[in-house]
Structure formats: structure tokens, C-alpha cells
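Each remark here refers to the structure printed beneath this line.
Numbering (our numbering), first residue to last: 1 to 450.
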């Protein structure tokens, strides 16, 4: 820190009239005034000034003359032995009060008195103490010269963020404002304020403060800040129950491909049916089909067709009317996945039926293990979802992309906490959805008559 306050020496090092330089002397935490020796005090002063020999410090602290010699003819009062230093009771005298240096410095700093640098952010000037900025910010501490003016880019350090950061530096117990935490984190990253970045991460890391809807809000808020990519990735992992509400917004349409694939590859996302995952892909691709159609094959790999209802897979290729859905279904990869899934589902149903007839549940379990089924999503039942059916219900054949669009419109009009009220569904619990036997019989009769 000596370098921070040292005045610049003259260019000519041979100049005999060099100015005295000054440095800051920090208090030693192990300092004990009761045990201070003259040698310690002398060493302290030599760190304070540059030419201690001119002050005759040896004589002052050790009580002998500068040259150490005496003259029998020309002797001073000091050499006779007279001095005014050894006065009885001198150190016992009650000293007048004096303001503590720390108190005075804090008052000056907090009231912005005698500031040493100006920070310019888009023509707004902040009068600051440079030493305060250097204590916390590597950006300022690594500057080779002490400037009178520093200009910062407003896109990385906003005026509001800098004001709050400087307030944070001056506070003993700082608290971050939720409204500006993104701006603060971006600025702290640019200014390399490690303690402040850690302070922000305490909030980011805690799902109590950022989870589901709040995590999604932070994800959207940090969209245009490359410095926050790591934060965005963390928030993305917490969008599960809130996913469908997010899909209903225009912000979802700006989702990068890699982030969309991450979401759709997760077991934790909450959906009413795997068909919705397929429709989510359709919605994202359809926003800019000319540019995004090239990503269709990659996105298809995120869809778990074998988790879709068998009835839907059997009828979607001939009854879906949405042009983009038909476009995707016509892809060889999708057509193959649908056929494979139909085969797997029917084989599993057959094995389960055989096992049930024989009363051998172990056989069915062994088949399931051998077939290596895809892991389930986190299934939910939302009362607002008009097309909800259990996976074995034949009415799933009637689900269309237009129904999904209506559902998203419904979600836009729901209460802000609607997403938190949906029910979780156990995929292994059998339900009598829509009285399937009755519905199947009605459908068979109508199909026969046609």
C-alpha cells in the first residue's frame, strides 16, 4: 500500500533537492504501546520519512549527539548533561482528548470530503476516495497510476449499480437490493470485486430466493449479459413446475437451442403428457421456421415418444391438421421413432397381460427392465388442461396442437401462482380416466358404421 500514496519523484535522480515522500503506515494488530522500545519507534519513523538522518533521530530517541563526539572546549548544555527530556512525571500527565483517526477517516469518507478521484459514467460524475475503491476492486487496485478521472462503460457499470456498489463498500453490514442485483453483479464482474460477487452468489445459489417463477424471471432478466451465463445455467435447472407457464410467454420463443434441449432432456420438467414436449418443440420451431428448421432433428431426440399414449401415436399421422406438426411427423427420424414406440408399447402391454393372466408380476418387471424404458418426466394434472387423460385413455387420440395453444392462452390468464397448485401424478397408479371401456366401445361402433 506504500505505493498508493507515494508522491512521484523528480525525473533526475541525481538532483540533490529531492522532495520528501510520504507513505501510509498501517497499524500493526500486534502492536503493544506498553512494550514499545526506542528501536521500534525509530524503525516506525524511518518508514514514514525518506531522509531520517536530517532529523537527528538517533539523538532524539537514543540520547546521543549526531556525530557521537564531544569537544572539551565547545560543549553544549546537552553535552554538559542538561536536557529537557527527563522530566519526572511527564508521561503520567493526563493528556487532552483527541479524535480517533479511524472515526475521523470514516466521517470524511462517508460524507465524501476531500475526495481524490472522479468516476465518469455517461457524463454523471461520482466523487470518490480512490483508496476505498482500491481496497475492494482489483480493477482500481491494479491501475499503474493514480488517476484524477476514470471513465467506466455504462453498459457494464450502470450509474445506479456504481452508486449501490460504492454504498456497499462503505457499509459494515451491506444488504443487496433485489431489484438491482443483476446490474450489481454485472458491474462487480467488470470491476473484479470478489467479495461482492460472492455476496450475489449467496442469493443465486439459494433456491429459497430463486426457484421456479423467480428463477425464470432471473433467467430472462440476464438474457443479454454474457457475464451472467453461469447464473442463467443455474436458473435453468430450477424451471420445472413453471415450465408450461414459461412456454406460454414470448420470452420462451427467444430461448437458445442449447437451453431448450437442456430443458426438454430433463426428467424434472413438469408436464401433463409427453405430447406437450412434442408441442413445445413445434412452438419453438414455428416461431422462425425458416431459420430453425435445421434444428428439428436435434430437438426430436429430446422427445420421449415411448412415453406418449399409444392411441395418440396411432392416430396423429392421419388426423393432425397443423401444418408444422405434419411437417415434423413426416421426417424419417420421427416416423421411425413413432413406429418403434408403438412396437415397444404394444409389446409391453402384451407382456403385462400375460403376466397378469399367470399371476406372475415378476415376469412383467423383468420384461420392463430388459426393454430399458425411457425415464418418466414429472407428471402433473392441471385442471386447466382440457385435453388431460391418463396415458391409456383412448381419448388421447383426439389431442391436437390447437388444444395445446388454447391451454397456453388459458395459462396466460391464470393467477400468478397457478403453476404451484397443479397436482403431481404417479404414473404407476391406474385410474378409470373417461371410463375407457365405455368410450372405446362407442368409438369402435362409430368407426364400424363409417
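No residue lacks a Cβ here, since even glycine has one placed at the ideal position from N, Cα and C.
Residue 379 - containing beta strand (DSSP E), residue span
Its beta strand (DSSP E) spans residues 378-381.
Within the region 232-302, note down every full beta strand (DSSP E) run reaching 3 residues or more, in order along the chain.
none
Let me check you understand the geometry: is the CB of residue 247 closer than 7 Å to at least one non-hydrogen atom of the ligand GTP?
The model depicted lacks the ligand GTP and carries no ligand whatsoever.
3 or more residues per run - each beta strand (DSSP E) lying fully within the region 95-141:
117-121 and 124-128
Per-residue DSSP class, three states only, for residue 434
Here residue 434 sits in coil by DSSP.
Starting from residue 409, trace the alpha helix (DSSP H) both ways and give me its first and last residue.
401-412
Using DSSP bridges, identify the partner residues of residue 423.
381
Proximal residues to residue 297 (C-beta, below 8 Å), its chain only, five neighbours per side dropped:
331 and 333
To the nearest angstrom, how far is the alpha carbon of residue 108 from that of residue 265?
Whole-angstrom Cα-Cα distance: 57 Å.
Collapsed DSSP secondary structure at residue 391 in the structure displayed
coil
When burial is assigned at 16 or more other CB atoms within 10 Å of the CB, is residue 25 buried or exposed?
Residue confidence for residue 25 is low, a pLDDT of 41 falling below 50, so the modelled location carries little weight and cannot support an answer.
With distances taken Cα to Cα, identify the nearest neighbour of residue 310 among 399, 251, 421 and 279.
Ranking 399, 251, 421 and 279 by Cα distance to residue 310 puts 399 first.
Please tell me whether residue 282 and residue 324 are closer than 8 Å, where the distance is taken between their beta carbons.
yes
Rounded straight-line distance, which links the Cα of residue 428 to that of residue 278:
Rounded to whole angstroms, residue 278 to residue 428 spans 22 Å at the Cα level.
Length at least 3, wholly inside the region 294-353: the beta strand (DSSP E) runs in chain order
none
Whose C-beta lies closer than 6 Å to the C-beta of residue 299 among residues of the same chain, with five residues either side of it excluded?
281
Report back the beta-carbon spacing between residue 191 and residue 139 to the nearest angstrom; my notes put them in contact at under 8 Å.
4 Å
Pick helix, strand or coil for residue 230, following the three-state DSSP scheme.
Assignment of residue 230 by DSSP, reduced to helix, strand and coil, places it in the helix class.
Same chain, Cβ closer than 6 Å to residue 133, five either side skipped, listed in chain order:
140
Roughly how many angstroms lie between the CA atoms of residue 306 and residue 345, to the nearest whole one?
7 Å
To which residues of the same chain is residue 403 closer than 6 Å at the C-beta, ignoring the five residues directly before and after it?
387
With distances taken from CA atoms, which of 243, 102 and 224 is nearest residue 418?
243
Going by DSSP in three states, residue 189 sits in which element: helix, strand or coil?
helix
Using three-state DSSP, classify residue 170 as helix, strand or coil.
helix
In angstroms, rounded to a whole number, what distance separates the CA positions of residue 274 and residue 202?
Between residue 274 and residue 202, the C-alpha separation is close to 35 Å.
Taking the beta carbon of residue 241 as the centre, do at least 16 other beta carbons fall within 10 Å, making it buried, or is it exposed?
buried
Cα separation between residue 236 and residue 353?
41 Å
Could you tell me the distance, in whole angstroms, from the CA atom of residue 154 to the CA atom of residue 182?
About 14 Å.
Mind checking residue 395: buried by the 16 CB within 10 Å criterion, or exposed?
buried
Verify whether the separation of the beta carbon atoms of residue 119 and residue 143 is less than 8 Å.
no
C-alpha distance - residue 65 paired with residue 80, whole-angstrom precision
Low local confidence applies: a pLDDT of 48 at residue 65 is under 50, so the model's placement there is unreliable, and no value is given.
Would residue 156 and residue 117 qualify as a contact pair, given that the criterion is a beta-carbon distance under 8 Å?
At a Cβ-Cβ threshold of 8 Å, residue 156 and residue 117 do not count as neighbours.
For residue 292, collect the residues of the same chain with a Cβ closer than 6 Å to its Cβ; drop the 5 residues on either side in sequence, then sort them by chain order.
285
Do residue 267 and residue 348 come within 8 Å of each other at the CB atom, strictly closer than that value?
no
Close-in-space but distant-in-sequence residues of the same chain around residue 412 (CB under 7 Å, 5 per side omitted)
Once the five neighbours on either side are set aside, the close Cβ partners of residue 412 are 248.
Residue range of the beta strand (DSSP E) that residue 149 falls in?
149-151
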